[in-house]
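Count along the sequence shown from 1, then add 5; that gives the number in the working numbering.
Ideal placement from N, C-alpha and C gives every residue a C-beta, glycine not left out.
A quick note: this is a predicted structure, and the numbers were derived from the prediction, not measured.
Reviewing the structure listed below.
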Amino acid sequence: MQRVQNAAASWPSFVTNRYCSGKDVLQLGWLPTLERTQLNLLKHTHRAIYNKASWPEYLTLEVYNPGRTPRSNAAPRLSIPLIKGTFQETTANLFNDLPPEVPE
Numbered sequence: 006m007q008r009v010q011n012a013a014a015s016w017p018s019f020v021t022n023r024y025c026s027g028k029d030v031l032q033l034g035w036l037p038t039l040e041r042t043q044l045n046l047l048k049h050t051h052r053a054i055y056n057k058a059s060w061p062e063y064l065t066l067e068v069y070n071p072g073r074t075p076r077s078n079a080a081p082r083l084s085i086p087l088i089k090g091t092f093q094e095t096t097a098n099l100f101n102d103l104p105p106e107v108p109e
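In structure tokens, the structure reads:
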């Protein structure tokens, strides 16, 4: 997919090479494939946490509530399920890795 994006980015910039570099992709305002996928997963995570009415029940995300209130409890954290490779596990890892000021 990244190769297709690089090839498409070379067309408007009239690059003579067959594929352009990642810098040309960023100049067009496009995100690389991995970052774009992660951004879309984080958008769906935000929707699953804060807009539960329009989110399917089988894709619910569980917000982690610790027994005691830690000082760093400003931003919500997600529970990471034991089953690997699922939507819930992937989005929980991405969401929990965000800086504390972003998920608010």
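- With a cutoff of 8 Å on beta-carbon distance, THR95 and LEU46 are scored as near each other.
- GLY72 has its alpha-carbon roughly 24 Å from the corresponding atom of VAL107.
- Nearest to ASN101 by C-alpha distance, out of ILE85, TRP35 and THR65, is ILE85.
- The beta carbon of THR50 lies closer than 6 Å to those of THR96 and PHE100 in the same chain, with the five residues before and after it left out.
- When the Cα atoms are used, PRO104 and ALA80 turn out to be separated by approximately 9 Å.
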